[in-house]
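S.K.: My questions will all concern the structure given below.
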Amino acid sequence: MSGPEICEARGMTPESRRREPAGGGGQHAGRDGGRAGSPPERSGGASSSADPPPNALFAEMLRAARELLAVRSPLDAELMVSELLGTWWGQAGGRAGIRRRAEVDALIGEGLIRYAARQGSPAALALLSGIACLGSARQALQAERAALALMDEGVARPAWAEHVGAVEAEECYLNSDGFGDRDEVVCVFSYAGQEQHALVVVVDYNAGGHARDGWVTSQVAKLLDYCRDASGGGQADGAPAVRPKNGTGPAGAGPAAGAAAPSTFRQIGSADARRILATALAATEAATEPAVSASFPSYHAFIRARVRTLPPTQSRPAAPGIAVAVPGKRQQWRKDQRAALVARFLASDDAEEVSDRQAASRCADHIVDYGCDRDFGRPLRVSPAKAETFLLDWLPRKVVLSRAEQDAMPHVLLAWIRWAGGKSGLPSSAVRVTLDAVFDAMRTFPTVYKDPASFGLEPDMVDRLLPDGDLEALARRVFAFPLLRGSYCGTDLSKLKPGVPADRRTLLAADHDDGNGPTSAEHMDRHLALADRLWRGDPPELWDAAQRLLDRGTNRHEVLHLLIDAIAAAGPRDSDIAAALARLPARESGRPAR
């Protein structure tokens, strides 16, 4: 990240959860997600099974919730409940699938609500009151009903429960770095004018527009004063800690980048803030493995609840001249517009030194596609972080490059940065910083880019398996169509293309040819449907489940049948199919293949 980075003001009481934890993680290097008096560390054991978690886990959480009886501030209570709800947020990610995380949240969250309702203690009522404000929609409804039942029984509730969640949005601000890599959204809230506090959420556009960090401070005036001073180039004595990012991951461009592309701080409408935060939070929750800070789970429920309190429509006119950058509101680029942009670049003086014009054209196509599809319609935006992410992360995973294109890509990217940086009005110092980042990445690119030829695949085979150039799909397509050579019933298999539906049945029939006679049409239809899903990667849990089964030593043909059976048993709904696949492997291998 370039430019100043908002860090929370220090000086809170030792017991308060409003301060930034010591150190840093994610955005703040070394940042610790835990605090004194917090619930026990997140347990993978409770979330790794479909069975209900043991009551001992809920009992431990309820013991930790006794601390809610000792606080007076509704803000402290909300932060404590958010931290508890965050103990299992994000569990069962990766190969277990996104929907599996939702199952874990329902399993533990709703189980905790039922357990607390049965205990009938003041701590249970306090916890239920907090979940009614901060939980998911389903959890909030269940917790509210349970809390009302306990109140009817005469259980005492803490004084803060009358105010928790009853917040009003006051002002919202946007702190944007000069490169456009990241926005920090600052929303100021209060409880009917009392206990003012600010929520700060970091939105990272080089990580898919995720909300990757967030925290709360009650030193609102000091925070805003510093932000205004920093945006104007000043430095306020005693201001909250704000520092440039110093090389933490691919986004780090260092202090020079901050000086080259200063940040801007401006007020925005609350509806704009809601759109930015809701979009970023949805992107984070939809990611298989979201790149968030270590402390983000502790604030996730708090952020979600605060976003719900922001009005969906503008309550007052935004300041003039504000052009809020909102993912999803960016320009959509048609194919002809992208081609015209590439043509203008290739005709420019900056592209004159590129020798292989054909390879340069293909490389420029990839640069523009990345900017349009992955950077929210901003192909002309350049930054050190974006360039490194494109060259060292996205290209090696997603794009098949010819040998000539591999050689040309870093040089085309350098020329593009010079041209696009000038077109977008980026200061020359910022362009130089970005060029330096590409020069550094050029040494690593040949190592991280995996040429399909290194996998032992001939160019013709790559063309047949990856007609769309999606390198990330190679492994699952090889798994779906392993037999692409030889002959079958007089047909030369090397002439067939698995991307063509008419050729798939022949390729799969050849794969099933075991000398025991033809396979039934119904059986082949099931394999064709599965092969089509594997080709498209739909749903993502399908290939994840196949890899888990293969890792267990299950042979390929049996894996195919286990996947077919899981899809058939789940029914027609996509969500049910994804959930069933996320649960695989659900049984031991070894049943006979049909």
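Position 117, counted from 1, in the sequence shown is what the numbering used here calls 128; the numbers after and before it change by one each time, with no gaps.
Where is the CB? At the ideal position from N, CA and C, for every residue including glycine.
#1: Say whether the segment 350 to 359 touches the segment 404 to 422, bearing in mind that this needs 3 or more beta-carbon pairs closer than 8 Å, one atom from each stretch.
#2: Beta-carbon separation of A209 and V231 under 7 Å?
#3: Judging by CA-CA distance, which residue of D283, W226 and D347 is the nearest neighbour of A312?
#4: Quick check on this structure: which residue in L494, E181, V423 and Q348 has the alpha carbon closest to the alpha carbon of L321?
#5: With a threshold of 16 other CB atoms inside 10 Å of the CB of V449, please say whether the residue is buried or exposed.
#6: Looking only at C-alpha atoms, which of S187, A128 and A117 sits nearest to M162?
#7: Give me the DSSP bridge partner(s) of Y460.
#8: Looking at C-alpha atoms only, which residue of G141, G204, V213 and V166 is the closest neighbour of Y184?
#9: Do you know whose CA, among A135, D192 and F200, lies nearest A172's CA?
#10: Can you give the beta carbon distance from G191 to S439, rounded, assuming they're within the 8 Å contact cut?
#11: Residue range of the beta strand (DSSP E) that T275 falls in?
#12: According to DSSP, is W344 helix, strand or coil?
#13: Tell me, which residues are paired with W226 by DSSP?
#14: Put E399 into one of helix, strand or coil per three-state DSSP.
#15: Can you tell which of Y310, V303 and P390 has its C-alpha closest to the C-alpha of K346?
#16: Whole angstroms is fine: what's the gap from G249's alpha carbon to K233's?
#17: Take the Cβ of A426 as the centre, count every other Cβ of all protein chains shown within 10 Å, and call the residue buried at 16 or more, exposed below.
#18: Please say whether L73 and M91 have beta carbons closer to each other than 7 Å?
#19: For A342, collect the residues of the same chain with a Cβ closer than 7 Å to its Cβ; drop the 5 residues on either side in sequence, then sort them by chain order.
#20: Taking Cβ to Cβ, would you say A370 is nearer than 7 Å to A316?
#21: Between which two residues does the beta strand (DSSP E) holding V199 run?
#22: Is A604 buried or exposed, if buried means 16 or more other CB atoms sit within 10 Å of its CB?
#23: Quick one, which of P596, H572, A542 and L476 has its alpha-carbon nearest R563's?
#24: Do you know how far the Cα of L424 is from the Cα of D87?
#25: Which residue from C238, A222, R373 and D376 puts its Cα closest to that of V302?
#26: Report all residues from its chain with a CB closer than 8 Å to the CB of A289; omit the five preceding and five following residues, and keep chain order.
#27: In this structure, how does DSSP classify E363 when only helix, strand and coil are distinguished?
#28: Only counting the same chain, and skipping five residues up and downstream in sequence, which positions put a Cβ closer than 6 Å to that of A591?
#29: Short of 8 Å in beta carbon distance, which residues of its chain neighbour K461, apart from the five on each side in sequence? Order them along the chain.
#30: My output table needs one value for C183: the three-state DSSP class, helix, strand or coil.
#31: Is P133 near A157, with beta carbons less than 7 Å apart?
#32: Per the DSSP calculation, V82 is bridged to which residue(s)?
#33: Which residues in the same chain have their Cβ closer than 8 Å to the Cβ of V178, if we skip the five residues on either side of it in sequence?
#34: In terms of residues, what are the limits of the alpha helix (DSSP H) holding A538?
#35: Helix, strand or coil for H174, going by three-state DSSP, please let me know.
#36: Is E416 helix, strand or coil when you go by DSSP?
M.R.: So, from the data block:
#1: no
#2: Translated into the one-based positions of the sequence shown, residue 209 becomes position 198. Translated into the one-based positions of the sequence shown, residue 231 becomes position 220. Yes; because the gap between Cβ atoms is below 7 Å, this pair is in contact.
#3: The residue given as residue 312 occupies position 301 in the sequence shown. The shortest Cα separation from A312 among D283, W226 and D347 belongs to W226.
#4: Position 310 of the sequence shown holds residue 321. Closest by alpha carbon: E181.
#5: Here residue 449 refers to the residue found at position 438 when the sequence shown is read from its first residue. It counts as buried.
#6: Translated into positions along the sequence shown, residue 162 becomes position 151. That would be A128, whose Cα lies nearest to the Cα of M162.
#7: Residue 460 sits at position 449 when you count from the first residue of the sequence shown. DSSP, once it has assigned bridges, lists no residue as partnering Y460.
#8: Translated into the one-based positions of the sequence shown, residue 184 becomes position 173. Nearest neighbour of Y184 by Cα position, chosen from G141, G204, V213 and V166, turns out to be V213.
#9: Reading the sequence shown from its first residue, position 161 is the one you call residue 172. Checked all of A135, D192 and F200; the closest Cα to A172 is A135.
#10: Indexing the sequence shown from 1 puts residue 191 at position 180. Indexing the sequence shown from 1 puts residue 439 at position 428. G191 to S439, Cβ: 17 Å. No contact.
#11: On the sequence shown, position 264 is the one that residue 275 refers to. Taken as a continuous stretch (DSSP letters only), the beta strand (DSSP E) holding T275 covers T275 to I279.
#12: Residue numbering aside, residue 344 sits at position 333 when the sequence shown is read from its first letter. The answer is coil: DSSP assigns W344 none of H, G, I, E or B.
#13: As a first step, residue 226 is located in the sequence shown; it is residue number 215 there, counting from the start. Paired residues: V211.
#14: Here the question's residue 399 lines up with position 388 in the sequence shown. E399 falls in the helix class under three-state DSSP.
#15: Against the sequence shown, residue 346 aligns to sequence position 335. Considering only alpha carbons, the answer is P390.
#16: Counting from one through the sequence shown, the residue named residue 249 turns up at place 238. Counting from one through the sequence shown, the residue named residue 233 turns up at place 222. Note that G249 has pLDDT 35, beneath the 50 cutoff, so the model's placement of it is unreliable and no number is given.
#17: Within the sequence shown, the letter at position 415 stands for residue 426. When all chains shown are included, A426 counts as buried.
#18: For the purposes of this step, residue 91 is taken as the residue at position 80 of the sequence shown. For the purposes of this step, residue 73 is taken as the residue at position 62 of the sequence shown. Taking 7 Å as the Cβ cut-off, M91 and L73 do not qualify as a contacting pair.
#19: Walking along the sequence shown from the start, residue 342 turns up at place 331. The question names Ala, but residue 342 in the sequence shown is Gln. G388.
#20: Mapped onto the sequence shown, residue 370 falls at position 359. Mapped onto the sequence shown, residue 316 falls at position 305. No, the Cβ-Cβ distance between A370 and A316 is not below 7 Å.
#21: To locate residue 199, count along the sequence shown from 1; it is residue 188. First-last of the beta strand (DSSP E) with V199: R193 to Y202.
#22: Position 593 of the sequence shown holds residue 604. Reliability of the predicted coordinates at A604 is poor, the pLDDT of 40 falling under 50, and the value obtained from them is presented with this limitation in mind. By the 10 Å Cβ count, A604 comes out exposed.
#23: Sequence index remark: in the sequence shown, residue 563 carries index 552 (1-based). R563 has its Cα closest to that of P596, out of P596, H572, A542 and L476.
#24: Position 76 of the sequence shown, counting from 1, holds the residue named residue 87. Position 413 of the sequence shown, counting from 1, holds the residue named residue 424. Going by the C-alpha atoms only, they are around 49 Å apart.
#25: Position 291 of the sequence shown, counting from 1, holds the residue named residue 302. Here residue 302 is Ala; the residue named in the question, Val, does not match the sequence. Of the listed residues, the one whose Cα sits closest to A302 is A222.
#26: The residue you call residue 289 lines up with position 278 of the sequence shown. Cβ within range, chain order: V318.
#27: As a position in the sequence shown, residue 363 is number 352, starting the count at 1. Residue state, collapsed to three classes: coil.
#28: In the sequence shown, counting from the first residue as 1, residue 591 sits at position 580. Closer than 6 Å at the Cβ level, and outside the excluded window around A591, lie A577 and A581.
#29: Stepping through the sequence shown from its first residue, residue 461 is reached at position 450. Contacts found: P407 and L482.
#30: By one-based count along the sequence shown, residue 183 stands at place 172. In the three-state DSSP reduction, C183 falls in the strand class (E or B).
#31: For the purposes of this step, residue 133 is taken as the residue at position 122 of the sequence shown. For the purposes of this step, residue 157 is taken as the residue at position 146 of the sequence shown. Their beta carbons are not under 7 Å apart, which means P133 does not touch A157 by this criterion.
#32: On the sequence shown, residue 82 is found 71 positions in, with the first residue counted as 1. Bridge partners of V82: none, in fact.
#33: As a position in the sequence shown, residue 178 is number 167, starting the count at 1. So the qualifying residues of the chain are F200, S201, Y202, R317 and T320.
#34: The residue labelled residue 538 in the question sits at position 527 within the sequence shown. Rather than Ala, the amino acid found at residue 538 in this sequence is His. Its alpha helix (DSSP H) spans residues A532 to R547.
#35: Translated into the one-based positions of the sequence shown, residue 174 becomes position 163. Three-state result, H174: coil.
#36: The count along the sequence shown starts at 1 and reaches residue 416 at position 405. The answer is helix: DSSP assigns E416 an H, G or I state.
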